[in-house]
Amino acid sequence: MEDVNIVFYVTGFGKFGGVNANPTTFIVEYMEKELSSQSKMKSTKIVEVAGSTAKQEVQVIIDDIKDKYISNSVESIDRRVHIVILHFGVNHMKKKTPMFQLEQNAFNEANFRIADELGWKPTKEPIDATQKISHRFSTDLNVKRIKDHLVGKGFDVCTSGDAGRFVCNYIYYSTLKQIAQLETPENLEIHGLFVHVPKFEGIEESIQFNFSLELLDSIEEAIIAKDKKDQKKKSKTS
Numbered sequence: 001m002e003d004v005n006i007v008f009y010v011t012g013f014g015k016f017g018g019v020n021a022n023p024t025t026f027i028v029e030y031m032e033k034e035l036s037s038q039s040k041m042k043s044t045k046i047v048e049v050a051g052s053t054a055k056q057e058v059q060v061i062i063d064d065i066k067d068k069y070i071s072n073s074v075e076s077i078d079r080r081v082h083i084v085i086l087h088f089g090v091n092h093m094k095k096k097t098p099m100f101q102l103e104q105n106a107f108n109e110a111n112f113r114i115a116d117e118l119g120w121k122p123t124k125e126p127i128d129a130t131q132k133i134s135h136r137f138s139t140d141l142n143v144k145r146i147k148d149h150l151v152g153k154g155f156d157v158c159t160s161g162d163a164g165r166f167v168c169n170y171i172y173y174s175t176l177k178q179i180a181q182l183e184t185p186e187n188l189e190i191h192g193l194f195v196h197v198p199k200f201e202g203i204e205e206s207i208q209f210n211f212s213l214e215l216l217d218s219i220e221e222a223i224i225a226k227d228k229k230d231q232k233k234k235s236k237t238s
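So that you can map any letter, position 174 of the sequence shown is 174 in UniProt numbering, and since no number is skipped, the others follow by simple counting.
(1) Can you say whether Glu103 is buried or exposed, counting buried as having 16 or more other CB atoms within 10 angstroms of its CB?
(2) Return the chain-ordered list of same chain residues with a C-beta closer than 6 Å to the C-beta of Asn20, the five sequence neighbours on each side being excluded.
(3) Would you mind stating whether His87 and Phe194 have Cβ atoms separated by less than 8 Å?
(4) Would you please state the rounded distance, in angstroms, between the beta carbons of Lys42 and Phe8? I believe it to be under 8 Å.
(5) Throw me the rounded Cβ distance for the Asn90 and His191 pair, which I believe falls under 8 Å.
(6) When you compare the region 117-128 with the region 151-162, are there three or more beta-carbon pairs, one atom per stretch, that lie closer than 8 Å?
(7) Does the Cβ-Cβ distance between Ile46 and Val28 come in under 8 Å?
(8) Just the Cα atoms here: how many angstroms apart are Glu183 and Lys96?
(9) Just to confirm, are Thr175 and Ile85 a CB contact at a threshold of 8 Å?
(10) By a C-beta neighbour count over all protein chains shown, 10 Å radius and 16 as the cutoff for buried, is Glu189 buried or exposed?
(11) When you compare only the Cα positions, how much space is there between Asp227 and Arg145?
(12) May I ask which residues mark the beginning and end of the alpha helix (DSSP H) holding Ser138?
(13) Taking the beta strand (DSSP E) that Asn105 falls in, what are its first and last residues?
(14) Using alpha carbons as the reference points, say which of Thr25, Ile203, His135, Val4 lies closest to Gly14.
Right, dumping it as structure tokens:
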């Protein structure tokens, strides 16, 4: 099997509503510090909690991917390349058992219970006006495998089918929409994933930092496993 190169674009969020110190700000800053010397980390960004800003930041990432991997084609490289756009957001609602949530779906609906940081408070508005408000995108990553890997490492993790209708869902839908529209070389795949984390009062900071690094390993493991499976299928049919 050819070599596989997996790279990450990672975002967290800043303050909003009643959350003045967003844990995802600190998680992403920690990841940048720990992994900045590694080639797999392409960029990290703290995003303002606003729909329009989220959409703009997604566009910045997509433009960078186009410039580095599509316009300057990776077809000549003798390996598969996987790009993962990974978003972190905080689930500040009180739960009996604080957990990390791997979000499987993003919905074409902006329905904010509070205004975003730019004062926008949409009510049941489509994110993409060309699609029905019920339209949904789903990640193509194997979230169950990723979850099982993380649970095996001792983390409290679950999968979730609904990321809400606030800016978390807004950035996730915008990302998955952009990915779906991209035309990529055969050896390039682009994936998106959103992960909700609890406040540090629910799961302490050091555990969340360790989780963030283990999450990358779990995503890589799931991608490599799928590539191997696909390669076997390919060799059987050829």
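Glycine included, each C-beta is placed from N, C-alpha and C at the ideal position.
Reading from the atomic positions:
(1) buried
(2) none
(3) yes
(4) 6 Å
(5) The displayed chain sequence assigns Val, not Asn, to residue 90. With 8 Å as the limit, Val90 and His191 do not qualify as a contact, their Cβ atoms being about 22 Å apart.
(6) no
(7) yes
(8) 43 Å
(9) yes
(10) buried
(11) 14 Å
(12) From DSSP, Ser138 is part of no alpha helix (DSSP H) but of the beta strand (DSSP E) over 136-138.
(13) 105-107
(14) Thr25
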